[in-house]
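In this note's numbering, the protein residues as written are 484 to 1070.
Put into structure tokens, the structure is as follows:
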């Protein structure tokens, strides 16, 4: 549960520490005092979007910090462990900060920096905020379907339907894609045949263009190359009238041998001579071999140029390289092959679609059966609560309207229908419920779902709008019953609900240093009587208002409290502490 909420420089709040306890916590105060601002601060803490508008005028940053006791929620501790978050003695501290300059927001969990996304993820496990807008959201069929599935424990069945539908959608998409490709291939068949034939007939080989370019250059310069090779051979091998370089170097052997007999240190010159001789001899052989490959062949040159022209035309037409042209040919042939294999492939895909349809129908049938049973049980439970909420003749019906075919959410549309007055047929919530009635229907659903909801803290932001009198007492009792499963924090303007609280907190607005600010105080005893008397609309100090307030508070003690939390008791003349209230601790 949320044990303390600390807010600093947020909107009109300078610094407050809001203590909360188990059971039903109610926050009251004059209109505009800042009650909803506290809910806004809590929303920021659990991941809602940050804005510079939230920072109090003149402050550098706004800070919200929440201390949560999670020691009694094993499932929550396991979820925290999965995310690598450790608690100390079952305590979890969330903190959010928004800078006035630039609106930069930062977040921490137990003192360690975290992303806003992780903070929101953890926040959803800790707090669930229910406001007036959520009552309107109850009119949304998707919200109604979600409530029904939650109540019926149909999460697994719903997930299987969603998965089966995704498989069906994928199979149908594959059929459409194959059909589109086949149709496109039919339209392009003549062109594809031309492309495949033209590229196939060329019998291209990767790297062929480079080899042909080299051969063409050699054939074009054949006469010049042969002349250069002849010159090399003449120098190296000589002519009939003159010795070549190879023989001349060989003749040096006799002189070198004599040198070494006289001076052994001249052996290095022998090594260099041998290397030079063998190198010249190898050069001579290489020149002769190369000369044998040089041939003046105009016919071959013409053939090479024709091949190069063909490759140039194909690369210009189908791609910038031989590899690109060959890939174009393969793609064209693959599209043509599709015309031959499409029928077989289509039959296989249609069989996949048929199997997916059957699988979806089976999964949807299981979900529908579970929804029918859950719908009857939910209707019965809600109707049982209607008298306690001032709607003794109210009836509720969960209607399942079959769809033409199952969708990702099942084979039916879900609609909550109610008849809240005698003699009226059940109609959709959006057509029959006033704001107050809608709030009470939502409260009935929340009270029923509370035992299923794993979130420890529920926030109700003025969900009592549009009700009053005896109905207000009934709504207060209903909130106390919800508080037997959860910690409940309610923002209320009704004295009937405030009187039902286990912990009553008052927010007030004043000025400090010339700037408007909001403060809070936990009220008990006579101070609480005064606050309830004020909410009743009379003079808080008049005996009539005070007696009425005491009566409301006294009835709370015998209203069937099953929370185990401390119930406030009104004393005739209690000794107030610090003027009868426990003010917030400023930080």
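Note that CB positions come from ideal geometry on N, CA and C, so glycine has one too. Predicted, not measured: the structure shown is a model, and the values here were computed from it.
Contact between the region 775 to 787 and the region 632 to 645 (3+ Cβ pairs under 8 Å): no
Let me make sure I understand the geometry here. Which of 671, 583, 808, 673 has the alpha-carbon closest to that of residue 689? 808
Could you tell me whether the region 834 to 854 touches the region 889 to 907, using the rule of 3 or more Cβ pairs below 8 Å? yes
Spatial neighbours of residue 693 in its chain, beta-carbon cut-off 7 Å, leaving aside the 5 residues before and after: none
Below 8 Å CB to CB, which residues in the same chain sit around residue 811 once its five sequence neighbours on both sides are set aside? 678, 682, 801, 802
Would the region 970 to 984 and the region 1007 to 1018 be scored as touching if the rule is three or more Cβ pairs under 8 Å? yes
Is residue 731 helix, strand or coil when you go by DSSP? helix
Between which two residues does the alpha helix (DSSP H) containing residue 563 stretch? 557 to 565
By how many angstroms is the C-alpha of residue 604 removed from the C-alpha of residue 937? 14 Å
Could you say which of 520, 772, 754 lies nearest to residue 545 if we only look at CA atoms? 520
Cβ contact check for the region 732 to 739 and the region 749 to 762: 3 or more pairs under 8 Å: yes
First and last residue of the uninterrupted alpha helix (DSSP H) at residue 663: 638 to 670
Distance, Cα to Cα, residue 971 vs residue 872? 18 Å
Based on Cα-Cα distance, which residue from 575, 512, 676 lies nearest to residue 992? 512
Three-way DSSP call (helix, strand, coil) for residue 834 in this model: helix
Could you tell me the distance, in whole angstroms, from the CA atom of residue 587 to the CA atom of residue 904? 52 Å
Name the DSSP beta bridge partners of residue 892, please? Paired residue(s): none; residue 892 is not in a bridge.
Neighbourhood of residue 551 by C-beta, 6 Å cutoff - its chain only, sequence neighbours within 5 removed: 485, 575, 609
Residue 978 in three-state terms, based on DSSP: helix
Note down the Cα distance separating residue 851 from residue 901, rounded to an integer number of angstroms. 21 Å
Please report the straight-line C-alpha distance between residue 488 and residue 496, rounded to a whole angstrom. 13 Å
Quick check: the region 851 to 863 against the region 661 to 677, are at least 3 beta-carbon pairs closer than 8 Å? no
Taking the alpha helix (DSSP H) that residue 720 falls in, what are its first and last residues? 705 to 720
7 Å Cβ cutoff, residue 978 in contact with chain C: Note that chain C does not occur in the displayed structure, where there is just one protein chain.
Range of the contiguous beta strand (DSSP E) that encloses residue 581: 574 to 582
Considering only C-alpha positions, which residue in the set 882, 923, 1026, 969 is nearest to residue 624? 882
Rounded to whole angstroms, what's the CA-CA distance from residue 770 to residue 721? Just pull it up for me. 13 Å
Rounding to the nearest angstrom, what Cα-Cα distance links residue 507 and residue 863 in this structure? 26 Å
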